[in-house]
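Asks: Protein chains in written order, with my numbering: chain A, 1 to 129; chain B, 1001 to 1129. Note that CB positions come from ideal geometry on N, CA and C, so glycine has one too. Have a look at this one before I ask anything.
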């Protein structure tokens, strides 16, 4: 790895956000990691930082046992990629998710994601992870 | 950007693969970019390099007008992330896709991806890109 100190800090910020916001689905921790002008590209969430809090409250209410299991994460300058497995309940096949975050001034300023159902019995015996 | 020469080469390899393999859906160009021991994690494709060729032939036959429009791409060491928009025909809303590639010895050795339908009329007016 040839990461700069800035890149290492950007990656750590995102992993800390997973630990303190996404995994516990804790909307009260959002303001420590997410910039006031947060640009949300997720298609199911309402815009901005307040939309994210509402989304977290909604998923914690609906699926309190959900886990967000990070499989790999990368950083290139201001952008961090995370590939992870969401399981809503213990035997859930779940979703494969990739997120890209843009960091600005030490906060997460923008977010894109793609999510897909994990299937069983497809043509590829390899894990999606 | 603080990319090493090796990182720049890895990113360029993937972008060249998009230009010569994925965009033209050209299975005959696969062996120039994809390692013999290619590990495929896409859930819809058959395993390995031969499975990829079969998959490309299938999509070129089914959707000859398809475009793979790269929105952003990043590199961290041996791993490259690409976020792109697949449209199967001119007015297709299409799919949002993120790929992660692992490069080994100048070839693409492993691939993970996640894809999701682009929707209209959701709660977020922002583009998924």
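(1) If the cut-off is 8 angstroms on Cβ atoms, which residues from the stretch 39-69 of chain A count as contacting chain B, listed in chain order?
(2) Helix, strand or coil for residue 88 of chain A per DSSP?
(3) How should residue 1093 of chain B be labelled, buried or exposed, when 16 other C-beta atoms within 10 angstroms of its C-beta is the threshold for buried?
(4) Kindly indicate if chain B contains any beta-carbon less than 8 angstroms away from that of residue 108 of chain A.
(5) Nearest by alpha-carbon distance to residue 1026 of chain B: which of B/1042, B/1063, B/1043 is it?
(6) Quick one: Cα of residue 1029 of chain B to Cα of residue 30 of chain A, how far?
(7) Over the uninterrupted beta strand (DSSP E) stretch that includes residue 1101 of chain B, give me the two end residues.
(8) Helix, strand or coil for residue 1017 of chain B per DSSP?
(9) Does the Cβ of residue 1016 of chain B have 16 or more other Cβ atoms within 10 Å, making it buried, or fewer, making it exposed?
(10) If you drop the 5 nearest sequence neighbours on each side, which residues of the same chain put their C-beta closer than 6 angstroms to that of residue 74 of chain A?
(11) Run through DSSP, which three-state label would residue 65 of chain A get?
(12) Closest to residue 1007 of chain B by CA distance: which of B/1123, B/1077, B/1109 is it?
(13) Using DSSP with H/G/I as helix, E/B as strand and the rest coil, what is residue 1044 of chain B?
(14) Determine the burial state of residue 99 of chain A: buried for a count of at least 16 other Cβ atoms within 10 Å of its Cβ, exposed for fewer.
Replies: Based on what the coordinates show:
(1) Result list: 39, 40, 41, 42, 43, 44, 45, 46, 47, 51.
(2) If DSSP states are grouped into helix, strand and coil, residue 88 of chain A belongs with coil.
(3) Residue environment for residue 1093 of chain B: exposed (fewer than 16 other C-beta atoms within 10 angstroms of its C-beta).
(4) Using a CB distance cut-off of 8 angstroms, residue 108 of chain A does not count as an interface residue toward chain B.
(5) Nearest option by C-alpha distance: B/1063.
(6) If you draw a straight line from the Cα of residue 1029 of chain B to the Cα of residue 30 of chain A, it is about 46 angstroms long.
(7) In this chain, the beta strand (DSSP E) harbouring residue 1101 of chain B covers 1095-1104.
(8) Looking at residue 1017 of chain B - three-state DSSP - the assignment turns out to be helix.
(9) By the C-beta density criterion, residue 1016 of chain B is exposed, having fewer than 16 other C-beta atoms within 10 angstroms.
(10) Same-chain partners within the cutoff: 81.
(11) Note: residue 65 of chain A maps to coil in three-state DSSP.
(12) The residue with the shortest Cα to Cα distance from residue 1007 of chain B is B/1077.
(13) In the three-state reduction of the DSSP assignment, residue 1044 of chain B falls in the coil class, being assigned neither a helical nor a strand state.
(14) Under a 10 Å Cβ-count criterion, residue 99 of chain A is classified as buried, with 16 or more other Cβ atoms of the shown protein chains found around its own Cβ.
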